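Encoded as structure tokens, the structure appears first; notes follow it.
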Amino acid sequence: MTLGYLTITVSARDLGNPTLSSEVDVIIYITDINDHAPYFKDPNITISILEESMPNQLFKSQAYDADEGENGIINYRMIIGNTSYFNCFENGSITLSKPINIEDGGEMKYEIEIKAYNSKPYTPGIAGGVQTITVEIKDINDNKPYFNQNMYSFAAKESDKIGTKLNGRTSILAIDKDETKEFNTVTYFLSGSDDSTYFSIDENSGELYIAKPFDYEKQAIFIFKVFATDGEPFAGDQIIANVSANVTVSISDVNDNIPTFTKGCLMFQNVSQYQCIFEEESMSSRCSVNATDADSGRNGEMMYKIKQKVINQSTSDIEFLVCTSNCSVVIDSKTGILKPREAIKRDEEYPVIEFIVEAIDGGIPSLTGTAVINVLIRDINNNAPIFYNQKSTYVFEELDKPQYFHTAKAYDNDIGENGRVIYRLNSNKNGLFKLFENGTLTATKKLEIHNKNDENITLLIEAYNNVPYTSNKLENGTQTMTIIIKDVNDHFPKFDNSSYVFHVPENATVGQVLDNRITINAVDKDFRHEFNTVSYWITGAGKEFFTIDRYTGIIRVAKALDYEQQRKFNLTVVASDMHVYVLNDTYINASVSVAILVEDINDNKPKFTQDIYHCAINEETTGIVPKCNISASDKDKNANGAITYQLMNVQTKECYFPCSNSKENEVFEIETQGIDTKEVEVCSLHRQWSKYKNVDGKAVDHGNPPLSGSALVLVYIEDINNHSPIFDDKEVTYVFDELRHPKTSIQLKLAHDADVGSNGKVFYKLSPVTDNTLFSIDKDNGKLTALSQLKITKVNDGKRTVQIEAYNSNPYSSSTIKNDTQSVIIYIKDVNDHSPVFEKATYNFNVAENTNFGQRINENNRIIAIDNDTSMEYSTIHYWLEKDGNGHFVIMDNGEIRVSKLLDYERNTTFTFKVFASDMHQYKNTTSIKTSSAVINIKVTDVNDNAPHFIKSSYIRNLENL
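Note that the working numbering gives residue 838 to position 832 of the sequence shown, counting from 1, and the numbers run on in steps of one.
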């Protein structure tokens with residue numbers, strides 16, 4: 007291969023005079039030989055791969071050789087290495103041929119030597135280079151742990167403490183075959199089941215410990231899972247591998263439960279108490295107690311014993327000793343059934359027998375439960391009731407109705423139902439008294455004396471039991487009651503009539519008798535003078551207007567009367583039978599209703615309910631004014647209180663139309679007759695004349711002579727929507743810049759409305775003839791907004807017309823009233839938004855080198871750029887050439903290119919430069935000038951304008967020795 011060359015100039019010179027010489031260049035080419043061996047910059051390389059990696063390229067060796075060509079071509083081969091796993095290709099690629107498993111006989115490190123060599127022979131003494139590659143196999147977690155057995159069994163005692171280690175036939179053990187500690191270290195944990203919460207496990211050793219106390223009676227076997235994991239997650243594809251095994255822990259029972267009595271009626275200081283009842287002198291009475299023990303086997307078996315309550319004579323303390331033959335009650339040691347040892351006599355002072363029953367289990371040591379037994383000896387009825395007092399006397403006044411005035415009291419030495427005393431009356435005159443079973447005596451009606459025999463009453467009260475006596479010799483107890491009745495004033499006066507009615511004119515004089523034809527009279531049926539003498543007086547509201555004679559009952563006027571203030575007096579006349587004598591502060595009254603009716607005279611004039619009436623009416627309304635009722639009242643009655651209404655001071659000649667049933671052009675009218683209220687009628691009014699109208703209302707009664715009253719009626723004229731909004735200018739003009747930002751708004755000239763309030767509120771909208779995709783309008787303030795950029799797309803395209811409609815939200819009062827419209831003409835002012843565009847991106851021209859100065863080169867093909875702006879301001883094009891056409895060409899405003907400098911083909915055969923076109927060149931504001939360009943290629947064609955010439959002026963050659 008030629009590596010390079012040398013150039014040598016050889017000069018030959020003669021010895022003539024003059025000396026002649028010549029020179030020649032000699033080129034020497036150098037060829038390469040294989041004098042360099044390949045070499046490695048890194049002779050020792052270490053690479054790492056993951057265990058179980060799939061076959062792929064591990065590394066590519068790279069050697070270097072200073073030779074060139076075929077001598078520099080390097081080949082590679084593996085001279086040392088495990089060919090079962092690794093291959094080396096001639097291009098230096100080292101590949102893995104199959105996965106390596108460390109646990110399946112694979113090694114964790116392999117050494118490979120790669121030889122780099124040339125195919126061409128070396129010069130003597132040269133050898134190829136060697137690279138040593140160490141391949142490290144990195145262990146992965148490809149083996150999960152496994153337990154040495156599927157089930158582990160352990161035993162524990164119920165009494166074992168928390169923290170006690172469990173021992174089984176075998177220990178929990180899991181094994182992981184991974185090579186490295188990172189992946190073969192096993193960690194243990196328990197499942198999250200309820201059973202597993204009673205235990206903990208050493209995460210490193212797998213030893214089980216008690217974590218919660220056991221209760222054999224609740225659970226004797228615990229089954230849960232133990233898990234083994236081989237480490238934390240590793241980067242890449244490594245995962246945690248978990249396995250599990252079943253664990254069973256059996257709990258053995260201990261005697262840790264005391265026998266507990268059940269069905270006790272109550273608990274006292276954690277001791278069950280039983281209440282039993284034995285019939286007095288009965289041998290058939292039975293009672294049972296029951297105890298349970300939560301332990302199993304002998305630990306749960308029980309026997310019962312009785313301990314009798316005794317008092318220690320030396321210490322006076324209460325003790326309970328095991329009962330022998332002196333106990334009145336015995337118990338079955340197996341069943342817990344209690345029964346009398348012999349017939350028991352009831353002790354009235356100590357009717358309850360108290361003792362203790364013990365329940366003893368069969369555990370070693372045994373545990374004992376205790377219950378207190380109270381045996382009540384039930385009574386029999388062997389005693390009759392006996393009264394504490396055999397006789398009793400009471401004194402009452404006539405008309406008394408004594409309630410619960412006496413309670414019979416008898417005693418019975420028996421108890422319960424046998425000792426419950428019940429009472430009854432054996433004599434009761436006319437059912438005048440009632441005796442309750444509990445012995446309470448009460449009167450059922452008032453006590454009255456009708457004759458001498460009524461002054462003394464004798465009652466007999468009997469006490470008895472509901473339960474039959476045990477002996478026929480027993481009799482019920484009795485008590486005699488004497489009741490004395492004392493005479494009292496028990497009759498009241500009685501009026502001849504149930505009510506009285508009097509008539510009196512309101513102008514009656516003081517002292518005038520109401521009516522001589524009517525007499526108030528009351529009679530008392532008592533016989534004694536102190537109880538049948540009657541006197542009168544008046545009560546009730548307005549009693550001060552009248553007096554009554556206390557002896558005769560005649561009523562007179564005491565004060566001036568006023569029909570309008572009070573037309574009727576509802577009074578009460580009271581008659582008393584203790585006018586002269588008062589005995590023991592006791593007297594009886596009777597009363598009767600007396601109605602006094604005052605007769606009217608015309609002494610009141612009509613009075614309106616208001617001094618001023620405020621009414622409202624819509625303008626242009628004719629007829630009744632809504633809610634404009636004037637009302638007057640007269641306190642007199644009948645004709646004196648009848649009212650006629652009139653309107654005074656009525657304005658005229660202010661209406662467009664006369665009212666019905668009224669005088670021509672009268673604004674208001676009202677009916678002339680009325681009693682309570684009258685409606686005001688009005689003809690058409692306009693609010694623009696006046697907001698208010700005032701009239702006087704007059705009310706006249708029908709008395710003789712008549713009386714009258716007056717009030718002012720103030721009528722407010724309310725606006726109606728009888729005007730539409732009006733635009734002052736039916737057409738307005740605005741100018742928008744083209745491409746102005748969307749949402750640009752202009753404030754239109756607003757419309758006005760002669761109405762007021764909501765009727766005069768003007769709203770705006772686009773009329774249906776307007777394209778609502780171009781503009782929107784704010785209905786409240788009339789701002790017109792462009793929805794998109796306004797763009798001129800062609801000449802005479804710069805005008806938009808929008809029609810605006812002004813309206814009210816309230817309906818017009820007439821269908822003839824229409825919304826007003828305004829035409830808005832918007833002129834779009836052109837902006838410079840288009841750049842000039844050349845017809846071509848590249849222009850090619852041929853020009854002869856003898857083209858004259860100023861001559862066009864493109865007579866039939868001008869340079870033309872087009873600007874799509876519509877205004878002359880932005881569409882006039884200006885051209886210029888890059889670097890002035892390299893100094894040889896110029897361009898005219900019409901796009902013609904002319905020669906500005908003579909051309910010479912022998913110097914420049916081609917010219918390439920850019921032509922530029924811009925708009926707005928003649929205006930001062932150049933910030934928005936837009937420019938574009940095209941490329942011009944001009945090829946100069948040759949003309950025969952040069953004669954031949956020699957390269958050298960002379961040639962010398964040595965012709966010797968030819």
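Quick reminder that beta carbons are idealized off the backbone N, C-alpha and C, glycines included. From a predicted model like this one, the values you see are computed outputs, not experimental measurements.
- Looking at the DSSP output, residue 497 bridges to nothing.
- Membership of residue 535 in the alpha helix (DSSP H) is indicated by the continuous run 535 to 538.
- Straight across, the Cα-Cα distance linking residue 283 with residue 489 is about 46 Å.
- Residue state for residue 178 is assigned as coil, using DSSP reduced to three classes.
- A direct Cα-to-Cα measurement between residue 354 and residue 445 gives close to 25 Å.
- In this chain, residue 222 is not harboured by any alpha helix (DSSP H), its DSSP state being neither H nor E.
- Taking one beta carbon from each stretch, the stretch 118 to 131 and the stretch 208 to 220 have fewer than 3 pairs nearer than 8 Å; the two do not touch.
- Counting only runs of 3 or more residues that sit fully inside the stretch 745 to 828, the beta strand (DSSP E) segments are 751 to 753, 769 to 772, 781 to 783, 789 to 792, 805 to 813, in chain order.
- Taking the C-beta atoms as reference points, residue 293 is found no nearer than 8 Å to residue 313.
- The C-alpha of residue 277 lies about 9 Å from the C-alpha of residue 267.
- For residue 715, the enclosing beta strand (DSSP E) has its first and last residue at 714 to 724.
- Measuring C-alpha to C-alpha distances from residue 907 to each of 491, 917, 940, 227 identifies 917 as the nearest.
- Pairing residue 147 with residue 109 gives a Cβ-Cβ distance that is not under 8 Å.
- The Cβ neighbour count for residue 551, taken over all protein chains shown within 10 Å, is at least 16; the residue is labelled buried.
- Every alpha helix (DSSP H) of 4 residues or more that sits fully in the stretch 845 to 901 is shown, in chain order, as 878 to 881, 889 to 892.
- Sequence-distant partners of residue 47 (beyond 5 residues in either direction) whose C-beta falls short of 7 Å from its own C-beta, in its chain, are 70.
- Distance from the Cα of residue 818 is smallest, within the candidate group 472, 767, 737, for 767.
- At least 8 Å separates the beta-carbon of residue 53 from that of residue 87.
- Here DSSP, grouped into helix, strand and coil, assigns residue 348 to coil.
- For residue 424, the uninterrupted alpha helix (DSSP H) run begins and ends at 422 to 425, by DSSP.
- The three-state reading of DSSP puts residue 461 in helix, counting H, G and I together.
- Assigned with DSSP and collapsed to three states, residue 190 falls in helix.
- Residue 502 carries a coil assignment under DSSP once its states are collapsed to helix, strand and coil.
- Where residue 94 is concerned, the enclosing beta strand (DSSP E) starts and stops at 92 to 94.
- Looking at the backbone, the Cα of residue 223 and that of residue 196 are separated by about 24 Å.
- Cβ contact annotation for residue 808 (same chain, cutoff 6 Å, sequence separation greater than five): 776, 781, 830, in chain order.
- Residue 541 counts as buried, since no fewer than 16 other beta carbons sit within 10 angstroms of its beta carbon.
- Note on geometry: alpha-carbon atoms of residue 763 and residue 729 lie some 12 Å from one another.
- Here residue 375 carries a strand assignment [DSSP, helix/strand/coil].
- Under the criterion of beta carbons closer than 8 Å, residue 938 and residue 871 qualify as touching, at roughly 7 Å.
- DSSP places residue 595 in the uninterrupted beta strand (DSSP E) bounded by 595 to 605.
- In terms of CA proximity to residue 494, 456 leads the group 466, 456, 12.
- With respect to the 8 Å criterion, residue 880 and residue 943 are not classified as neighbours on the basis of their beta carbons.
- DSSP places residue 620 in the uninterrupted beta strand (DSSP E) bounded by 618 to 624.
- Taking C-alpha positions only, residue 758 is separated from residue 739 by approximately 19 Å.
- In this structure, the beta-carbon distance from residue 252 to residue 156 falls below 8 Å.
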